[in-house]
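S.K.: If you read the sequence shown in our numbering, its first letter stands for residue 3, the second for the next number, and so on. Ideal placement from N, C-alpha and C gives every residue a C-beta, glycine not left out. This structure is in structure tokens; I'll ask about it shortly.
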Amino acid sequence: MEGGGTVSDTRPRWPNQLRAYDGTTAAIGRGVTRLCVTSPTGTGKTTMMTDVIEHYRNEGKRISLYTVRRMLYSQIARNLERDGFTFGRIASGHDKSLAEPIQLCMMQTDVSRRKRGFDSPPADIVIADEYHVFGGPTFQDVIQSQVTNGASLVAYTATPIDLQNIDELLIAAGTREMIQLGSLVPAHTFAPDEPDLRHIKKYQVGEDISDAENHKAIMRPGVFARVIGAWKAHNPDGLPTILFGPDVAGSKFFAEEFAKAGIRSAHIDGEDVWLDGETYENNQDMRDQVADLSKSGEVKVVCNRFVLREGIDWPWIQCGIFATVFGALSSFIQSGGRLLRAYPGKDRAIVLDHGGNWHRHGSLNEDREWTLESSNRRMVGERQDKLREKREDEPIVCPKCNKVRSHGRTCTNCGYMAVKKSRVVIQKDGTLKEMTGDIYKPRYTKREANTADLWKQMYFRARSQKWAATFRQAEAMFVVENHYWPPRDLPLMPKDPADMWRKVADVPREALL
3 MEGGGTVSDT RPRWPNQLRA YDGTTAAIGR GVTRLCVTSP TGTGKTTMMT DVIEHYRNEG
63 KRISLYTVRR MLYSQIARNL ERDGFTFGRI ASGHDKSLAE PIQLCMMQTD VSRRKRGFDS
123 PPADIVIADE YHVFGGPTFQ DVIQSQVTNG ASLVAYTATP IDLQNIDELL IAAGTREMIQ
183 LGSLVPAHTF APDEPDLRHI KKYQVGEDIS DAENHKAIMR PGVFARVIGA WKAHNPDGLP
243 TILFGPDVAG SKFFAEEFAK AGIRSAHIDG EDVWLDGETY ENNQDMRDQV ADLSKSGEVK
303 VVCNRFVLRE GIDWPWIQCG IFATVFGALS SFIQSGGRLL RAYPGKDRAI VLDHGGNWHR
363 HGSLNEDREW TLESSNRRMV GERQDKLREK REDEPIVCPK CNKVRSHGRT CTNCGYMAVK
423 KSRVVIQKDG TLKEMTGDIY KPRYTKREAN TADLWKQMYF RARSQKWAAT FRQAEAMFVV
483 ENHYWPPRDL PLMPKDPADM WRKVADVPRE ALL
């Protein structure tokens, strides 16, 4: 292995895998105990993990690898067996082999064992796969107890968002680099329509809306006609497709409707698999059968809510239908990342976005500026601020072919030259309404004689331990109480717009105006 490593596996490595290996061993060597490694989906995270496992196994260390998804557990087990590792299994239905220095652990099983008085398998290195789903206190208790007992945590995720208990972030690569290297293919996004979300209750910027609200937003009259029409128009060859629905019922509806239209489809959720009009238990054999049928092209569309969002190894998928609203950036990237992995004969991924995600989150091809403070609210909120303040251009949808582009008057797909920005918004009754102009309009700010004093009072309220608000929360409360937005050039406003998403008490006075 290049890059100073000692891994015996001679398979070639991508640059991001070398960086991850060298960076991980160096960080642990200098005493970092809680490290997160991030690299885009589909760029060899499993190899990164097995390289680290081999390195520390050769040093005589004990390693525990945790996951929380059944599909991921089976996939990782197959990869470990392929690479010649001997390991114990902490998972229901498997005999425990606690003497093995490598343990593959289903988190829920270990939690159950701990409740019955058993300890987690002792470890020097703890690996957490898809760490962004380890946020709950129960899972964190397991991980942090291992760290307290002397283990070093190496966490992996493509979306280092809302991370808990991490000391250092290692960015192995960005999406653009991996597209240039050929590890990923670019996404070509089309936005035929999107729902009107003005009636969504309790919507918080950067958070996924409830399944019930998502269902109401997406499942409006004529929805299937619009979805299948766009699919046939932009994927005329019927290339293998994944559909993300608004909820489980909506996902199954789309699978059934595709089947009625003569297009063989399947639906997978956490409990069941629907195929050819029959419902089966969701087990490994059924998942493998659906995967094989998708790969061969016999099943054209596989529908799901979120069960296929993370970790699936289906690089042959060439089209994705977003029949859902992704409120959280992490959901958007994880779901979209299923489409970008390179595969023989695949030069692009087709994204059919019926949820308005293209303007809410930007392109799947973009690099994000990850930090330990990245959160869904902050990442989505900062993007909206940039668009409102015209620090960044809004993407544009071609009114003729629906292709999304970043800028310019001429469509890069069909050559149509538009004279105005427009998009199609689905109303509650299913009718189509053309909306023109910018989506994110500047906020109504005002400067009264007492505005500075009112903001000063709000600043100290937000700074108090009782509230402990972010600047963005303080700004929103100012609007509630005063019915206008405060200018951001007031005294005690942050100099750096990114600090608007930090807690007021955490931003030093010298960083304020």
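(1) Enumerate, from N- to C-terminal direction, the unbroken alpha helix (DSSP H) stretches of 4 or more residues contained entirely within the stretch 347-385.
(2) Apply the 10 Å Cβ neighbour rule to Glu215 and answer buried if 16 or more other Cβ atoms are within range, or exposed otherwise.
(3) For Gln336, which residues of its own chain have a beta-carbon under 7 Å away from its beta-carbon, when the five flanking residues on both sides are left out?
(4) When you compare each of Val54, Arg222, Trp360 to Ile104 by their alpha carbons, which one comes out closest?
(5) Taking 8 Å as the cut-off, decide whether the C-beta atoms of Asp126 and Ala153 are in contact.
(6) Which term fits Gln320, buried or exposed, when burial requires 16 or more other beta carbons within 10 angstroms of its beta carbon?
(7) Run through DSSP, which three-state label would Pro510 get?
(8) Which runs of the alpha helix (DSSP H) fall wholly inside the stretch 126-199 and span at least 4 residues, in chain order?
(9) Using a 10 Å radius around the Cβ and a threshold of 16 neighbouring Cβ atoms, would you call Cys107 buried or exposed?
(10) For the alpha helix (DSSP H) containing Ala520, list its first residue and its last residue.
(11) Taking the alpha carbon of Asp355 as the point to measure from, which residue in Thr326, Val250, Leu331 has its own alpha carbon closest?
(12) Quick check: the stretch 450-467 against the stretch 238-256, are at least 3 beta-carbon pairs closer than 8 Å?
(13) For a test of the three-state rule: what should DSSP assign to Gly231, helix, strand or coil?
(14) Starting from the Cα of Asn167, find the closest Cα among Ala175, Thr177, Thr150 and give me that residue.
(15) How is Val9 classed by DSSP in three states: helix, strand or coil?
(16) Across which residues does DSSP place Arg222 in a beta bridge pair?
(17) If you draw a straight line from the alpha carbon of Asp112 to that of Val250, how long is it in whole angstroms?
(18) Out of Thr472, Glu512, Glu477, His134, point me to the one whose CA is closest to Lys505's CA.
(19) Which runs of the beta strand (DSSP E), 3 residues or longer, sit entirely within the stretch 287-344?
(20) Using alpha carbons as the reference points, say which of Gln286, Ala227, Asp290 lies closest to Ala263.
(21) Between Leu183 and Ile211, what straight-line distance do the alpha-carbon atoms span, to the nearest angstrom?
(22) Looking at the strands, I want to know which residues DSSP matches up with Leu281.
(23) Looking at the secondary structure, which residues open and close the beta strand (DSSP E) in which Phe246 lies?
(24) What are the residues that DSSP puts in a beta bridge with Ile65?
(25) Quick check on this structure: which residue in Ser41, Val39, Val207 has the alpha carbon closest to the alpha carbon of Glu384?
(26) Please report the straight-line C-alpha distance between Leu514 and Trp457, rounded to a whole angstrom.
(27) By Cβ distance below 6 Å, which residues in the same chain neighbour Phe516 in space, the five residues on each side in sequence not counted?
M.R.: So, from the data block:
(1) 359-363
(2) Against the sequence shown, residue 215 aligns to sequence position 213. Buried.
(3) What you label residue 336 is simply residue 334 of the sequence shown in a count that begins at 1. Answer for Gln336: Thr43, Ala160, Thr161, Arg311, Glu312, listed in chain order.
(4) Here residue 104 is taken as the residue at index 102 of the sequence shown, counted from 1. It is Val54 whose Cα lies nearest to the Cα of Ile104.
(5) Residue numbering aside, residue 126 sits at position 124 when the sequence shown is read from its first letter. Residue numbering aside, residue 153 sits at position 151 when the sequence shown is read from its first letter. Against a cut-off of 8 Å, the Cβ pair of Ala153 and Asp126 comes out as a contact.
(6) Within the sequence shown, residue 320 is the residue found at index 318, counting from 1. Burial call: buried.
(7) For the purposes of this step, residue 510 is taken as residue 508 along the sequence shown, with counting starting at 1. Coil, per DSSP.
(8) 139-150, 177-183
(9) Stepping through the sequence shown from its first residue, residue 107 is reached at position 105. Cys107 should be labelled buried.
(10) Look at the range of the chain in this structure, 3 to 515, and you will see that residue 520 is not part of it.
(11) As a first step, residue 355 must be located in the sequence shown, where it is residue number 353. With distances taken between Cα atoms, Asp355 lies closest to Thr326.
(12) no
(13) Here residue 231 corresponds to residue number 229 of the sequence shown, with the count starting at 1. Correct three-state label for Gly231: helix.
(14) By 1-based counting over the sequence shown, the position of residue 167 is 165. Of Ala175, Thr177, Thr150, the residue nearest in Cα terms is Thr150.
(15) Translated into the one-based positions of the sequence shown, residue 9 becomes position 7. Confidence at Val9 is low in this model, with a pLDDT of 49, below 50, so the placement of that residue should be treated as unreliable; the coordinate-derived value is given next. Looking at Val9 - three-state DSSP - the assignment turns out to be coil, as it is neither helix nor strand.
(16) Position 220 of the sequence shown holds residue 222. According to DSSP, which records beta bridges pairwise, Arg222 is partnered with nothing at all.
(17) Taking the sequence shown and counting its residues from 1, one reaches residue 112 at position 110. Taking the sequence shown and counting its residues from 1, one reaches residue 250 at position 248. Rounded to the nearest angstrom, the two C-alpha atoms are 28 Å apart.
(18) Working through the sequence shown from its first residue, we reach residue 505 at position 503. Nearest option by C-alpha distance: Thr472.
(19) 303-306, 321-324
(20) On the sequence shown, position 261 is the one that residue 263 refers to. For the residues Gln286, Ala227, Asp290, the minimum Cα distance to Ala263 belongs to Ala227.
(21) Within the sequence shown, residue 183 is the residue found at index 181, counting from 1. Within the sequence shown, residue 211 is the residue found at index 209, counting from 1. Cα to Cα, Leu183 sits roughly 36 Å from Ile211.
(22) Looking up residue 281 in the sequence shown gives position 279. In the sequence under discussion, the amino acid at residue 281 is Thr, which differs from the Leu named in the question. For Thr281, which the question treats as bridged, DSSP gives the partners Trp276.
(23) The residue given as residue 246 occupies position 244 in the sequence shown. Unbroken beta strand (DSSP E) run through Phe246: 243-246.
(24) The residue labelled residue 65 in the question sits at position 63 within the sequence shown. According to DSSP, which records beta bridges pairwise, Ile65 is partnered with Ile104, Ile127.
(25) As a position in the sequence shown, residue 384 is number 382, starting the count at 1. Of Ser41, Val39, Val207, the residue nearest in Cα terms is Val207.
(26) Translated into positions along the sequence shown, residue 514 becomes position 512. Translated into positions along the sequence shown, residue 457 becomes position 455. Whole-angstrom Cα-Cα distance: 13 Å.
(27) Nothing about residue 516 can be read from this structure; the chain reaches only from 3 to 515.
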